[in-house]
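Remarks on the structure that follows.
Numbering (UniProt numbering), first residue to last: 1 to 234.
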């Protein structure tokens, strides 16, 4: 005769705040800005005014995320998804340790996707700021670089850079669908509501009024910096 397993308080699940509000707002604004940049860049003409505005929005968002990666909630901080090679190898072999909490925030593969996206977007914004299409559009920082540098940046921005970002976005969407269909895990809901059902002992991200006020001040700083950079071209 077997004894029924007992559930300790640490084993019981409860909603745990994983993604704080500033991270969620950043995520959805970035997604909208990327889509808008791709569309306006493809349309060209008068839409390029909005392409530049959305590009500066992406710049502001990236600056904010850089700051929030050090000052944000626990699972939004870079330290929570900056994995050593040994940790990644354990994860790929299915031998992750319980204290690594890979089921909470970004697992090692998800972290790789995040780092790749942030890095590519930084390069894309940087090349856009110094771009020169030799027709009617000039990046606000183009006057600070050599002509050849501006033309090379334009070539990357309109070609490989844009293509790589589109591919990464499609892979991101495909991963979400895969987790939903194959693993019955909804990755969108936590990024919308902030919570995941997790063991009660799982540490949560700070998401109180003070943290949100700090995020607002950082967002204003990032937005002011992006506006200043954009104004250098006028």
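Where a beta carbon is used, it is the ideal one built from N, C-alpha and C, also for glycine.
Quick caveat: nothing in here was measured; it's all calculated off a predicted structure.
State buried or exposed for residue 39, treating a residue as buried only when at least 16 other CB atoms are found within 10 Å of its CB. Counting Cβ neighbours within 10 Å, residue 39 comes out exposed, since fewer than 16 surround it.
Short Cβ contact (8 Å threshold) for residue 61 with residue 117: No, the pair does not count as a contact, with Cβ atoms beyond the cut-off.
Bridge-paired residues (DSSP) for residue 177: Answer by DSSP bridge pairing: none, since residue 177 is not bridged.
When the Cα atoms are used, what is the spatial distance from residue 127 to residue 150? Straight-line Cα distance between these residues: approximately 8 Å.
What's the call for residue 218, buried or exposed, on a 16-neighbour Cβ count within 10 Å? Answer is buried; the Cβ neighbour count reaches 16.
What is the DSSP secondary structure of residue 238, reduced to helix, strand or coil? Nothing can be reported for residue 238, as the shown portion of the chain is limited to 1 through 234.
According to DSSP, what are the bridge partners of residue 13? 199.
Same chain only: Cβ atoms within 8 Å of residue 1, ignoring 5 sequence neighbours per side: Reliability fails at residue 1, whose pLDDT of 42 lies under 50, so the model's placement of it is uncertain and no value is given.
Note down, in chain order, each residue of its chain lying with its Cβ closer than 8 Å to the Cβ of residue 24, except the 5 sequence neighbours on either side. Excluding residues up to 5 positions away in sequence, 191, 192 and 194 lie with their Cβ nearer than 8 Å to the Cβ of residue 24 in the same chain.
Just curious, the alpha helix (DSSP H) that residue 56 is in, first and last residue? Looking at the DSSP string, the run of the alpha helix (DSSP H) that includes residue 56 is 48-71.
Counting beta carbon pairs with one atom in the region 219-232 and one in the region 46-66, are three or more of them shorter than 8 Å? Verdict: yes, contact present.
Please name the residue or residues paired with residue 187 in a DSSP beta bridge. According to DSSP, which records beta bridges pairwise, residue 187 is partnered with nothing at all.
Please list the terminal residues of the continuous alpha helix (DSSP H) segment that includes residue 226. Per DSSP, residue 226 belongs to the alpha helix (DSSP H) from 209-231.
Going by beta carbon distance, what residues of the same chain come within less than 8 Å of residue 157, once the five residues before and after it are set aside? 124, 127, 128 and 131, listed in sequence order.
Where residue 132 sits in the DSSP three-state scheme: In the three-state scheme derived from DSSP, where H, G and I count as helix and E and B as strand, residue 132 is classed as strand.
Cβ-based neighbour list, residue 50, same chain, cut-off 6 Å, excluding 5 preceding and 5 following: Here the set comprises 40.
Where residue 138 falls: helix, strand or coil (DSSP): In this structure, residue 138 counts as strand in the three-state DSSP scheme.
Give the secondary structure of residue 90 by DSSP, where H, G and I count as helix, E and B as strand, and everything else as coil. DSSP places residue 90 in helix when its eight states are reduced to three.
Spatial distance of residue 33 from residue 26 (CA atoms): Distance between residue 33 and residue 26, taken at the CA atoms: about 10 Å.
DSSP three-state assignment for residue 234, whether helix, strand or coil: In this structure, residue 234 counts as coil in the three-state DSSP scheme.
Using the Cβ count rule (16 or more neighbours within 10 Å means buried), how would you classify residue 196? Its Cβ being crowded by 16 or more others within 10 Å, residue 196 is buried.
So, with DSSP's three-state summary, where would you put residue 103? Taken through DSSP and simplified to helix, strand or coil, residue 103 comes out as coil.
Among residues of its own chain, excluding the 5 on either side of residue 204, which ones have a beta-carbon nearer than 6 Å to its beta-carbon? Answer for residue 204: 16 and 17, listed in chain order.
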